[in-house]
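Colleague:
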Amino acid sequence: MIKNHCIGYPRIGPKRELKTALEKYWKGEINENELQSIASNLKRTNWEIQKSFNLDLICSNDFSYYDQVLDTICLMGAIPERFKSNEKIISLKTYFAMARGSQTKDLDVSALEMTKWFDTNYHYLVPEFNKRQKFKLSSNKIFDEFLEAKKVGIITKPILLGPLTFLELGKTIEAGFEKIDLLDSLLPVYKEIIEKLNNLGAEWIQIDEPILVKSHSQKFIKLIKNAFDQIKSYSKKTKILLTTYFETVDDKILNEISNSNIDAVHFDCVRGNLSLTSEIIKSSKKIISLGVVDGRNIWKSNLKEKLEFLESFKNKNTNIWVSTSCPLLHCPYDLDLETKVPSDIRNWLAFSKQKLKEMSFLKDVLNNTKTIKDEYYLDNQKLVLDRKNSKKINNANVKNKTKNINEKILSRISPFSKRIEIQNKIFNLPTFPTTTIGSFPQTTDVRISRAKYKKGEITEEQYINDLETKTIEVIKKQEEIGIDVLVHGEFERNDMVEYFGEQLEGFTFTSSGWVQSYGSRCVKPPIIFGDVSRPNMMTVKWSKFAQQQTNKIVKGMLTGPITILQWSFVRDDQPRQQTAYEIAFAIRDEVKDLEANGIKMIQIDEPALREGLPLKQKDWNNYLKWAVNSFKISSSVVQDETQIHTHMCYAEFEDIIQSIADLDADVISIETSRSRMELLTTFEKFNYPNQIGPGVYDIHSPRVPHKNEMKSLIERASKILDKKKIWVNPDCGLKTRGWPETIASLEMMVQAAKELRSGK
Ligand code: GLN
Ligand code: ZN
Numbered sequence: 001m002i003k004n005h006c007i008g009y010p011r012i013g014p015k016r017e018l019k020t021a022l023e024k025y026w027k028g029e030i031n032e033n034e035l036q037s038i039a040s041n042l043k044r045t046n047w048e049i050q051k052s053f054n055l056d057l058i059c060s061n062d063f064s065y066y067d068q069v070l071d072t073i074c075l076m077g078a079i080p081e082r083f084k085s086n087e088k089i090i091s092l093k094t095y096f097a098m099a100r101g102s103q104t105k106d107l108d109v110s111a112l113e114m115t116k117w118f119d120t121n122y123h124y125l126v127p128e129f130n131k132r133q134k135f136k137l138s139s140n141k142i143f144d145e146f147l148e149a150k151k152v153g154i155i156t157k158p159i160l161l162g163p164l165t166f167l168e169l170g171k172t173i174e175a176g177f178e179k180i181d182l183l184d185s186l187l188p189v190y191k192e193i194i195e196k197l198n199n200l201g202a203e204w205i206q207i208d209e210p211i212l213v214k215s216h217s218q219k220f221i222k223l224i225k226n227a228f229d230q231i232k233s234y235s236k237k238t239k240i241l242l243t244t245y246f247e248t249v250d251d252k253i254l255n256e257i258s259n260s261n262i263d264a265v266h267f268d269c270v271r272g273n274l275s276l277t278s279e280i281i282k283s284s285k286k287i288i289s290l291g292v293v294d295g296r297n298i299w300k301s302n303l304k305e306k307l308e309f310l311e312s313f314k315n316k317n318t319n320i321w322v323s324t325s326c327p328l329l330h331c332p333y334d335l336d337l338e339t340k341v342p343s344d345i346r347n348w349l350a351f352s353k354q355k356l357k358e359m360s361f362l363k364d365v366l367n368n369t370k371t372i373k374d375e376y377y378l379d380n381q382k383l384v385l386d387r388k389n390s391k392k393i394n395n396a397n398v399k400n401k402t403k404n405i406n407e408k409i410l411s412r413i414s415p416f417s418k419r420i421e422i423q424n425k426i427f428n429l430p431t432f433p434t435t436t437i438g439s440f441p442q443t444t445d446v447r448i449s450r451a452k453y454k455k456g457e458i459t460e461e462q463y464i465n466d467l468e469t470k471t472i473e474v475i476k477k478q479e480e481i482g483i484d485v486l487v488h489g490e491f492e493r494n495d496m497v498e499y500f501g502e503q504l505e506g507f508t509f510t511s512s513g514w515v516q517s518y519g520s521r522c523v524k525p526p527i528i529f530g531d532v533s534r535p536n537m538m539t540v541k542w543s544k545f546a547q548q549q550t551n552k553i554v555k556g557m558l559t560g561p562i563t564i565l566q567w568s569f570v571r572d573d574q575p576r577q578q579t580a581y582e583i584a585f586a587i588r589d590e591v592k593d594l595e596a597n598g599i600k601m602i603q604i605d606e607p608a609l610r611e612g613l614p615l616k617q618k619d620w621n622n623y624l625k626w627a628v629n630s631f632k633i634s635s636s637v638v639q640d641e642t643q644i645h646t647h648m649c650y651a652e653f654e655d656i657i658q659s660i661a662d663l664d665a666d667v668i669s670i671e672t673s674r675s676r677m678e679l680l681t682t683f684e685k686f687n688y689p690n691q692i693g694p695g696v697y698d699i700h701s702p703r704v705p706h707k708n709e710m711k712s713l714i715e716r717a718s719k720i721l722d723k724k725k726i727w728v729n730p731d732c733g734l735k736t737r738g739w740p741e742t743i744a745s746l747e748m749m750v751q752a753a754k755e756l757r758s759g760k
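Numbering of the sequence shown is given in the numbering used here, commencing with residue 1 and proceeding in unit increments.
(1) Spatial neighbours of F509 within its chain, please: C-beta separation below 8 Å, excluding the five flanking residues on both sides.
(2) Cutting at 7 Å between CB atoms, please list the residues of its own chain near E220, excluding the five before and the five after it.
(3) Just to check, is the beta-carbon of G438 closer than 8 Å to a non-hydrogen atom of ligand 1?
(4) Does the beta-carbon of E490, which I'm using as the reference point, lie nearer than 8 Å to any heavy atom of ligand 1?
(5) Given a cut-off of 9 Å, decide if P327 and W514 are closer than it, judged by their beta-carbon atoms.
(6) Count the other CB atoms within 10 Å of the CB of N708; is the residue buried (16 or more) or exposed (fewer)?
(7) Alpha carbon to alpha carbon, how far is K191 from N46?
(8) Within 8 Å, do at least three Cβ pairs link the region 529-536 to the region 359-369?
(9) Kindly list the residues whose CB is nearer than 8 Å to the CB of V249, restricted to its own chain and excluding five residues on each side of it in sequence; keep chain order.
(10) Give me the residue from T72, K355, K403, S85 with the minimum Cα distance to V322.
(11) Rounded to a whole number of angstroms, what is the C-alpha to C-alpha distance between P561 and I587?
(12) Any idea which residues DSSP pairs V804 with across the strands?
(13) Taking only three categories from DSSP, how would you classify C74?
(14) With three or more C-beta pairs closer than 8 Å as the rule, is the region 149-169 touching the region 180-189?
(15) What is the rounded straight-line gap between the Cα of Y124 and the Cα of I413?
(16) Just to confirm, are H647 and I633 a CB contact at a threshold of 9 Å?
(17) Beta carbon of I90, beta carbon of I79: below 9 Å?
(18) Would the beta-carbon of P694 fall within 9 Å of that of E741?
(19) From N121 to S517, what distance separates their C-alpha atoms?
(20) Is L242 near I207, with beta carbons less than 9 Å apart?
(21) Roughly how many angstroms lie between the CA atoms of G170 and V398, to the nearest whole one?
(22) Quick check: the Cα distance between S139 and M76, rounded to an integer number of angstroms?
(23) Could you check what DSSP says for I393 in three-state terms: helix, strand or coil?
(24) Following the continuous beta strand (DSSP E) through P210, name the residue where it begins and the one where it ends.
(25) Residue range of the alpha helix (DSSP H) that Q566 falls in?
(26) Taking buried to mean at least 16 other C-beta atoms within 10 Å of its own C-beta, is N400 buried or exposed?
(27) Between which residues of its own chain and K141 is the CB-CB distance below 8 Å, once the five residues before and five after are set aside?
(28) Comparing alpha-carbon positions, which option in E715, V696, R610 lies nearest S745?
(29) Alpha carbon to alpha carbon, how far is K282 from S275? Give it in angstroms, no decimals.
(30) Quick check on the burial criterion: 16 or more other C-beta atoms within 10 angstroms. Buried or exposed for N406?
(31) Return the chain-ordered ranges of every beta strand (DSSP E) run that is complete within the region 566-649 and spans a minimum of 3 residues.
(32) Out of V474, I448, E473, I656, state which residue places its alpha-carbon closest to the alpha-carbon of Y463.
(33) Could you check the C-alpha separation between A661 and V628 for me, to the nearest Å?
(34) Assuming the contact rule is C-beta atoms closer than 8 Å, D144 and A99 should be a hit. Round their C-beta distance to whole Å, please.
(35) Nearest to N395 by alpha carbon, out of W299, R419, G506, T434?
(36) Which residue's Cα is closest to the Cα of Q577: Y65, N622, E590?
Following this line, the structure appears as structure tokens:
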């Protein structure tokens with residue numbers, strides 16, 4: 001019999017119950033017991049849903065109060081010293097101190113660093129390792145969850161983050177060793193865990209090793225077989241499933257896995273393409289779990305295609321299981337809860353619960369207990385076809401535009417050296433011109449006004465009036481502070497992607513499509529379902545309004561095509577590159593209109609450019625090429641006189657500096673606070689041709705930076721870059737800050753620039 005199984009279910013709750021509970025707990029409104037009981041209900045619901053769809057293996061330990069890597073840090077007892085924990089079993093207090101930092105009398109420490117989980121928009125907490133790192137079993141969570149499910153009659157398959165991924169995702173806090181050198185001291189804890197789960201009656205343990213889809217050194221590859229043979233040897237009865245996901249596994253690594261003793265291996269068959277002729281299929285006796293249902297997007301599967309794929313393996317006598325490509329952590333809960341998506345588009349979607357049903361049906365057909373005459377299948381085929389032929393999706397105009405991408409569309413009229421001469425004459429800015437990144441504090445009054453407008457409690461006129469008042473105020477404040485190039489403040493924007501998506505054709509929005517971003521934070525990505533175009537101007541009104549309030553230059557402010565793509569659920573019926581180009585042309589239209597309406601500087605933000613990089617380095621060039629092209633399609637439509645800015649943050653940029661230069665933006669403002677020194681050395685090594693504003697202070701903290709800190713930073717930058725090229729600005733937008741520290745910091749920043757100008 002062919003089985004199916006879930007390799008991870010969303011944990012935040014169908015209505016974000018975990019978010020609400022966590023926030024109450026942090027505020028002291030509920031206690032630990034109450035938090036635990038809410039968590040228990042969520043876990044139980046998840047198990048019961050999986051059971052109701054007849055899944056053969058139901059998972060546990062996919063629940064987390066904050067993050068599965070943080071859970072593993074506790075499990076392995078790898079608590080950094082600054083948290084002063086000598087607890088045998090890590091308490092929730094220490095757990096949340098690592099997640100969020102702590103500012104109590106007895107513990108004043110910063111949180112662990114947070115970073116993106118592979119190429120998803122989920123963030124994990126980064127383990128910290130020292131040279132003599134000790135590991136010791138220090139959490140019972142994985143056992144407790146197993147027993148919790150057992151009590152309600154379900155023998156689960158516990159999920160455990162694998163040793164290779166755990167080590168590789170961490171960072172070393174001292175020199176002189178490699179993370180992977182710690183493997184031997186880590187494995188004994190895995191031994192203890194596996195033995196214990198074995199004794200508790202676990203039939204299967206799932207070991208997640210997504211790191212195996214990346215490319216690795218020979219040294220690393222050599223460790224794989226041995227590590228998994230050891231893991232297998234720890235268990236008497238319990239079987240071991242190794243899960244890989246997010247990409248294909250390179251052949252060399254596949255061979256090692258194939259030669260190891262583990263019982264089953266899972267592959268992502270949406271992103272990857274497991275070949276029928278690979279060694280693991282031909283010669284190993286392992287169970288092969290085929291992740292055919294897309295675990296990180298929201299489209300219904302084409303069941304016909306999925307069946308054909310699965311049957312080709314079945315016909316080879318491969319012992320197969322059916323699953324989703326990756327854990328469902330990155331997919332919303334349940335389409336049945338959805339109230340906003342238009343009904344025709346809704347028919348094309350499947351959220352987590354619906355994906356369980358797909359898995360269940362696929363298994364039943366393979367086992368001959370259902371057939372393709374089943375209504376569910378016929379319905380699926382009809383809807384798949386409806387989507388394909390829908391008029392809503394296809395726009396010949398858009399497709400035509402993207403067919404003719406030539407050098408003319410991709411390039412400015414003159415090279416930078418000539419443009420900048422023209423622009424300098426027009427703008428006549430001082431040395432070290434000051435500016436900000438776009439947004440100013442979105443205080444509660446702005447949010448309340450928008451919420452009221454959306455609920456129909458105030459009229460559009462009133463809402464616009466509120467926004468105008470805010471915009472006028474912010475222009476005045478910037479003038480008072482003495483900033484050289486102003487912004488309009490972005491008060492009309494809820495979110496830098498949603499605001500544009502709402503005005504573009506080809507996008508739709510959900511009421512219920514929440515996915516976890518980190519901890520208690522969730523996002524509701526827009527859905528790009530069809531060809532993207534811009535029916536009306538999107539930002540011109542506000543930019544023009546702001547420009548009318550002042551004689552200084554106000555920058556127009558747009559989100560770039562790659563960031564819009566990256567932070568949405570993207571259609572799966574055409575290459576991402578095509579969708580990126582379509583968005584790029586829509587932004588191009590907007591850029592052109594801004595210019596025609598007297599806006600002289602236009603900033604196109606691309607904070608997500610770096611995070612779109614494919615997991616395998618061999619695919620980088622191709623991605624970077626279309627990503628850079630997309631930006632250039634958007635920006636190159638203007639005259640030499642118009643100055644194009646861009647902004648980047650949330651990442652380190654050393655390895656893509658050439659592509660950043662290729663964007664050919666006249667000015668880039670860029671986050672530097674996380675790696676201040678490195679970025680400047682990068683610019684030293686790489687002669688960045690255009691103008692640049694390295695962020696002079698970190699906006700993520702309310703702390704007001706001192707003038708001299710910023711002065712020394714600008715001075716350091718002037719030693720490396722041509723003084724005439726340097727702008728002075730904060731690291732990122734000021735949306736999340738309060739007004740008092742914003743004004744104080746910007747005043748300091750302007751003073752710093754002024755003193756340097758006059759040679760003080
Ligand atoms: N212009 C945006 C802002 O200032 C940029 C945000 C970002 O880089 N994430 O908020
Ligand atoms: Zn930013």
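No residue lacks a Cβ here, since even glycine has one placed at the ideal position from N, Cα and C.
Modeller: This is what the structure gives:
(1) Along the sequence shown, one-based indexing puts residue 509 at 509. K340, V341, E498, G501, E502, K524, P526, I527.
(2) As a working mapping, residue 220 is identified with position 220 in the sequence shown. As written in the sequence, residue 220 is Phe, which differs from the Glu given in the question. Answer for F220: I180, listed in chain order.
(3) Taking the sequence shown and counting its residues from 1, one reaches residue 438 at position 438. Yes, since a heavy atom of ligand 1 falls inside the 8 Å radius drawn around the Cβ of G438.
(4) One-based indexing of the sequence shown puts residue 490 at position 490. At least one heavy atom of ligand 1 sits closer than 8 Å to the Cβ of E490.
(5) Looking up residue 514 in the sequence shown gives position 514. Looking up residue 327 in the sequence shown gives position 327. No. Outside cutoff.
(6) Residue mapping note: residue 708 aligns to position 708 of the sequence shown, counting from 1. By the 10 Å Cβ count, N708 comes out exposed.
(7) Position 191 of the sequence shown holds residue 191. Position 46 of the sequence shown holds residue 46. Cα-Cα distance, rounded: 28 Å.
(8) Result no; under three Cβ-Cβ pairs closer than 8 Å.
(9) As a first step, residue 249 is located in the sequence shown; it is residue number 249 there, counting from the start. Around V249: L212, V213, I257, F267, G272.
(10) Residue numbering aside, residue 322 sits at position 322 when the sequence shown is read from its first letter. For V322, the nearest C-alpha among the options comes from K355.
(11) Indexing the sequence shown from 1 puts residue 561 at position 561. Indexing the sequence shown from 1 puts residue 587 at position 587. Going by the C-alpha atoms only, they are around 7 Å apart.
(12) Nothing about residue 804 can be read from this structure; the chain reaches only from 1 to 760.
(13) Locating residue 74 in the sequence shown gives position 74, where the first residue counts as 1. C74: helix per DSSP, three-state reduction.
(14) Judged by Cβ distances under 8 Å, the region 180-189 makes contact with the region 149-169, as three or more pairs qualify.
(15) As a working mapping, residue 124 is identified with position 124 in the sequence shown. As a working mapping, residue 413 is identified with position 413 in the sequence shown. Roughly 44 Å separates the two Cα atoms.
(16) Along the sequence shown, read from residue 1 onward, the residue named residue 647 stands at position 647. Along the sequence shown, read from residue 1 onward, the residue named residue 633 stands at position 633. In this structure, I633 does not lie closer than 9 Å to H647 by Cβ.
(17) Position 90 of the sequence shown, counting from 1, holds the residue named residue 90. Position 79 of the sequence shown, counting from 1, holds the residue named residue 79. Less than 9 Å separates the beta-carbon of I90 from that of I79.
(18) By one-based count along the sequence shown, residue 694 stands at place 694. By one-based count along the sequence shown, residue 741 stands at place 741. No.
(19) Counting from one through the sequence shown, the residue named residue 121 turns up at place 121. Counting from one through the sequence shown, the residue named residue 517 turns up at place 517. Taking the straight line from one Cα to the other gives about 6 Å.
(20) Within the sequence shown, residue 242 is the residue found at index 242, counting from 1. Within the sequence shown, residue 207 is the residue found at index 207, counting from 1. A contact, by the Cβ cut-off of 9 Å.
(21) In the sequence shown, the residue the question calls residue 170 occupies position 170. In the sequence shown, the residue the question calls residue 398 occupies position 398. G170 and V398 have their C-alpha atoms some 44 Å from each other.
(22) Here residue 139 refers to the residue found at position 139 of the sequence shown. Here residue 76 refers to the residue found at position 76 of the sequence shown. Taking the straight line joining both Cα atoms gives about 8 Å.
(23) Numbered from its first residue, the sequence shown carries residue 393 at position 393. When secondary structure is reduced to three states using DSSP, I393 falls in the coil class, being assigned neither helix nor strand.
(24) Translated into positions along the sequence shown, residue 210 becomes position 210. Note, P210: premise wrong, no beta strand (DSSP E); not H, not E.
(25) Counting from one through the sequence shown, the residue named residue 566 turns up at place 566. For Q566, the uninterrupted alpha helix (DSSP H) segment begins and ends at 561-566.
(26) Your numbering for residue 400 matches position 400 in the sequence shown. Label assigned to N400: exposed.
(27) Position 141 of the sequence shown, counted from the first residue, corresponds to residue 141. Taken in chain order, the residues that qualify are N61, D71, C74, L75.
(28) Taking the first residue of the sequence shown as 1, we reach residue 745 at position 745. Comparing Cα positions, the closest option is V696.
(29) In the sequence shown, counting from the first residue as 1, residue 275 sits at position 275. In the sequence shown, counting from the first residue as 1, residue 282 sits at position 282. If I take the Cα positions, the gap works out to 10 Å.
(30) Indexing the sequence shown from 1 puts residue 406 at position 406. Burial call: exposed.
(31) Secondary structure in the region 566-649: the beta strand (DSSP E) runs of 3 residues or longer, each lying completely within the stretch, are 601-605, 643-648 in chain order.
(32) The residue given as residue 463 occupies position 463 in the sequence shown. Of V474, I448, E473, I656, the residue nearest in Cα terms is I448.
(33) For the purposes of this step, residue 661 is taken as residue 661 along the sequence shown, with counting starting at 1. For the purposes of this step, residue 628 is taken as residue 628 along the sequence shown, with counting starting at 1. Between the alpha carbons of A661 and V628 lies a gap of roughly 9 Å.
(34) Reading the sequence shown from its first residue, position 144 is the one you call residue 144. Reading the sequence shown from its first residue, position 99 is the one you call residue 99. Actually they do not touch by this definition, with Cβ atoms about 19 Å apart.
(35) Position 395 of the sequence shown, counted from the first residue, corresponds to residue 395. Ranking W299, R419, G506, T434 by Cα distance to N395 puts G506 first.
(36) Within the sequence shown, the letter at position 577 stands for residue 577. If we check each option's Cα against that of Q577, N622 comes out closest.
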